[in-house]
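The sequence shown begins at 1017 in our numbering and counts up by one.
Structure first, commentary second.
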Amino acid sequence: MRPKGPLFWFVVVDLTTLLIAFYLAWWFFEQTDPNASFDHHLGVFAHVLWALPALLAAKLAILGLLRLYDFITNRTDIDIIYLAVWAVGAGAAFEVLFLSYVKVFHIDTMMRDEVRLAVQISRALVAYNALFTFLGITGWRLMYLRRRRRWGYDRARVLVVGAGEVSRSVSREIDSYSAQGHEVVGFVEDGVEAGAGDSPLLGRVEDIPRLARDKNVHEILIASQRTSRRRLLEILALCRETDCTLWLMPDVYETIVGQVDCQMAGIPLIQLSTLARKRRALAVKRALDVAVALMVIFLFALPALVISVLIKTTSRGKVIFGQERVGQHHAPFTLYKFRTMREGAEEESGPVLSSPDDPRVTGVGRILRRFHLDEIPQFWNVLWGDMSLVGPRPERPVFVARFEAEIPAYRLRFEVKPGMTGLAQVYGHYASSPEHKLRYDLSYIHNFNPLLDLKILLATLLHLFTGQRPRGL
1017 MRPKGPLFWF VVVDLTTLLI AFYLAWWFFE QTDPNASFDH HLGVFAHVLW ALPALLAAKL
1077 AILGLLRLYD FITNRTDIDI IYLAVWAVGA GAAFEVLFLS YVKVFHIDTM MRDEVRLAVQ
1137 ISRALVAYNA LFTFLGITGW RLMYLRRRRR WGYDRARVLV VGAGEVSRSV SREIDSYSAQ
1197 GHEVVGFVED GVEAGAGDSP LLGRVEDIPR LARDKNVHEI LIASQRTSRR RLLEILALCR
1257 ETDCTLWLMP DVYETIVGQV DCQMAGIPLI QLSTLARKRR ALAVKRALDV AVALMVIFLF
1317 ALPALVISVL IKTTSRGKVI FGQERVGQHH APFTLYKFRT MREGAEEESG PVLSSPDDPR
1377 VTGVGRILRR FHLDEIPQFW NVLWGDMSLV GPRPERPVFV ARFEAEIPAY RLRFEVKPGM
1437 TGLAQVYGHY ASSPEHKLRY DLSYIHNFNP LLDLKILLAT LLHLFTGQRP RGL
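Following this line, the structure appears as structure tokens:
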């Protein structure tokens, strides 16, 4: 028989913890309430004991879904405590829903007074059980992590960008705090020959993607002190090709909008988060996209019909104009708009960027562009998942190829879905340069949260109806 892996024993420990927490909750409740009696009420709960395995399985599943068995990603005490709060809260909510089900659907199988008393007691038990469960699943994890890391296991492997004195000092600080779960595997730097040592120089900056893969790197710390803005963006682009957590020293944090997030070995750092790591926020973002898209498609059905008639009767050509754009992860998709140009305008001029006084635009098209009504069909793109309400505006492949060749880190904007509006559209201007817009796009990617999306949407509506641009979000 194959030996059981660590995950099996983690689950066994959690299962034992959950059972002990339930027993302690009962004991504590009997000590604090003179009317409580486990023996007296056991007969009441015997009617629902069949559900105990399901409740335990649900709680274990919640722990797994929140990645509380991943001791590499969740490497700090704060990570464990934060996720444990979510897990215990979700488990308590599940228990409350189950008790509500018992109260509503099993009222005829037990005496009314006993059911009422059972539910009343259960509310207190849920609270006590949540407390002891939190202490249990958090306590053993913190003790396990600290002991393992003292022995050199489960440490996050850090690659440092930069090989100067500051970088070496940072490496020594991290190594001195090794019990916190970090280990420097080496440095990368331009123009320096690879060397040896405890934390050797492993190669050049361009080697970051390969080294991250070969050395099993979990985190990348950018601590180079001789970095221009342009070079920093190039380094960020290389780091984004990995699945590593990115950290930046505050004194080189000049081109990205953000704040000090936390500390590594006592060193204040800024985490450059990607949207892919914000799973819960992305779920909320997608729900907002679908809800708003459905509402707009329904409310603007009649105006869209009127616009279609105006376009068809005032100029030749199709009503809906489809054009290939580059989406998330460089995936192509067809963007739909109401046609605002003369038929064949693209063949006459070739692919060019739009401008406010574009002579190819028809009379009706000029009005549609003025109020952005030509973009109504894009809500179908949002509904299908090609786009989001908020994000970098999608560009055509020919322009993407040009901008990626000219602008460092331009490909970073393709980490997220393109949007109908964004920071660049709210703060910038119609004819802003691509490099100027990129700064806003990178700021959005780093600072994203659902509340920021709502603020951008409200600022967009303000601009549409008043022509004013907000001073801040």
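A virtual CB, placed ideally from N, CA and C, is assigned to each residue, including glycine.
Here the structure is a predicted model, which means the values were calculated and not measured.
What would DSSP say about residue i, mapped onto helix, strand or coil?
i        : result
Gly-1178 : coil
Phe-1203 : strand
Phe-1387 : coil
Ile-1423 : coil
Glu-1411 : coil
Thr-1032 : helix
Thr-1261 : strand
Ser-1404 : strand
Arg-1173 : strand
Val-1432 : coil
Val-1342 : strand
Thr-1378 : coil
Ile-1272 : Interpretation of Ile-1272 is limited by its pLDDT of 45, a score under 50 that renders its predicted location unreliable; no figure is taken from the coordinates.
Ile-1153 : helix
Closer than 6 Å by C-beta to residue i: which residues in its own chain qualify, once you throw out the five before and the five after it? Chain order, please.
i        : result
Val-1233 : Arg-1173, Leu-1175, Cys-1260
Pro-1022 : none
Phe-1395 : Ala-1309, Val-1312, Ile-1313
Ala-1179 : Phe-1203, Glu-1205, Val-1208, Leu-1217
Ala-1108 : Val-1142, Ala-1146
Met-1265 : Ala-1239
Gly-1105 : none
Arg-975  : Residue numbering for the chain in the displayed model covers 1017 to 1489; residue 975 lies beyond these limits and cannot be assessed.
How big is the Cα-Cα spacing for residue i and residue j?
i        : j        : result
Arg-1157 : Met-1311 : 46 Å
Lys-1334 : Asp-1374 : 19 Å
Lys-1353 : Arg-1256 : 32 Å
His-1346 : Val-1416 : 9 Å
Asp-1390 : Ile-1327 : 11 Å
Val-1442 : Leu-1304 : 19 Å
Gln-1263 : Leu-1252 : Rather than Gln, the amino acid found at residue 1263 in this sequence is Trp. The alpha-carbon atoms of Trp-1263 and Leu-1252 are separated by roughly 10 Å.
Arg-1166 : Val-1200 : 15 Å
Glu-1411 : Ala-1070 : 50 Å
Gln-1339 : Leu-1079 : 45 Å
Ser-1185 : Arg-1171 : 19 Å
Glu-1420 : Glu-1222 : 17 Å
Pro-1393 : Gly-1435 : 13 Å
Glu-1235 : Thr-1258 : 10 Å
Val-1306 : Val-1398 : 7 Å
Val-1300 : Thr-1329 : 41 Å
Ile-1224 : Ser-1183 : 16 Å
Ile-1493 : Asp-1095 : Past the boundaries of the shown model lies residue 1493; the chain is included only from 1017 to 1489, so the question cannot be answered.
Gly-1213 : Ser-1244 : With a pLDDT of 46 at Gly-1213, under the threshold of 50, the modelled position of this residue cannot be trusted; read the value that follows with caution. For Gly-1213 and Ser-1244, the distance between alpha carbons rounds to 28 Å.
Ala-1317 : Phe-1387 : 17 Å
Leu-1099 : Val-1342 : 36 Å
Ile-1097 : Gly-1401 : 34 Å
Pro-1348 : Ala-1239 : 36 Å
Leu-1031 : Glu-1111 : 16 Å
Thr-1350 : Arg-1247 : 34 Å
Thr-1271 : Ala-1425 : In this predicted model, Thr-1271 has a pLDDT of only 40, less than 50, meaning its place in the structure is not dependable; the value taken from the coordinates is given anyway. Distance between the alpha carbons of Thr-1271 and Ala-1425 is about 12 Å.
Pro-1319 : Val-1377 : 20 Å
Leu-1480 : Phe-1337 : 23 Å
Asp-1086 : Arg-1382 : 55 Å
Asp-1093 : Arg-1229 : 27 Å
Arg-1385 : Lys-1433 : 23 Å
Phe-1024 : Leu-1082 : 17 Å
Thr-1356 : Ala-1077 : 52 Å
Using a Cβ-Cβ cut-off of 8 Å (strictly less than) and excluding sequence neighbours within five positions of residue i, which residues of its own chain qualify?
i        : result
Gly-1438 : Val-1406, Gly-1407, Pro-1408, Arg-1409, Tyr-1456, Asp-1457, Tyr-1460, Ile-1472
Arg-1295 : none
Arg-1429 : Pro-1408, Leu-1454, Asp-1457, Leu-1458, Ile-1461
Ala-1297 : Leu-1291, Phe-1464, Asn-1465, Pro-1466
Val-1101 : Phe-1150
Leu-1084 : Asn-1090, Ile-1096, Leu-1099, Ala-1100, Ala-1103, Ile-1153, Arg-1157
For residue i, collect the residues of the same chain with a Cβ closer than 7 Å to its Cβ; drop the 5 residues on either side in sequence, then sort them by chain order.
i        : result
Ala-1041 : Leu-1141, Tyr-1144, Asn-1145, Phe-1148
Ile-1034 : The sequence as given places Leu at residue 1034; Ile does not occur at that position. If we look at Leu-1034 and ignore the five residues flanking it on each side, its Cβ neighbours are Leu-1072, Lys-1075, Thr-1149.
Ile-1423 : Pro-1450, Glu-1451, Leu-1454
Lys-1020 : With a pLDDT of only 49 at Lys-1020, under 50, the local geometry of the prediction cannot be trusted, and the value read off the model is given with reservation. Nothing meets the Cβ criterion.
Leu-1227 : Leu-1175, Val-1204, Leu-1218, Gly-1219, Val-1233
Arg-1427 : Ala-1253, Glu-1420
For chain C, check one thing: does any of its Cβ atoms lie closer than 7 Å to the Cβ of residue i?
i        : result
Glu-1431 : Checking the listed chains, one finds no chain C in this structure; it contains a single protein chain.
Could you tell me which residues DSSP puts in a beta bridge with residue i?
i        : result
Lys-1353 : Phe-1337
Leu-1217 : Phe-1203
Ile-1238 : Val-1177, Leu-1264
Pro-1348 : Val-1342
His-1198 : Ala-1172
Phe-1437 : One point to set straight first is that residue 1437 is Thr, not Phe, in the sequence displayed. Answer is Val-1406, bridged to Thr-1437.
Mind listing, in chain order, the continuous alpha helix (DSSP H) runs of no fewer than 4 residues lying wholly within the stretch 1440–1475?
-> 1450–1463
**Segments of 4+ residues assigned as alpha helix (DSSP H) that fall wholly inside the stretch 1070–1113** = none
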